[in-house]
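Structure record follows, encoded as structure tokens.
Numbering (the working numbering), first residue to last: -18 to 74.
Below, the structure written as structure tokens:
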């Protein structure tokens, strides 16, 4: 499910409600993890798709890389990471 989102911090984020809805749906269907990451770091985007909104993270934007296990790594736009963090906490046991 692709959701339009801006890549750079100076650009307007479109459809925050859509981003939240997409992330909640992916949390429910297991496409995004509900567990606390073991490590997370930020870097320049490299064109990989964001695991939350399915849009690429361009090189002029910050990309969060989140490791859950050694095999489970997820990539997020800054806004998508924030929404995922907030919504994920609602589903923690």
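Idealized CB from N, CA, C, for every residue including glycine.
- Around the CB of residue 9, fewer than 16 other CB atoms lie within 10 Å, so the residue is classed as exposed.
- Counting only residues of its own chain and dropping the five nearest sequence neighbours on each side, residue 54 has a CB closer than 8 Å to the CB of 46, 47, 48.
- In the DSSP annotation of this structure, residue 2 is not part of any beta strand (DSSP E); the continuous alpha helix (DSSP H) holding it starts and ends at -3 to 10.
- With respect to the 8 Å criterion, residue 19 and residue 30 are not classified as neighbours on the basis of their beta carbons.
- For residue 34, the closest C-alpha among the options 21, 64, 22 is that of 64.
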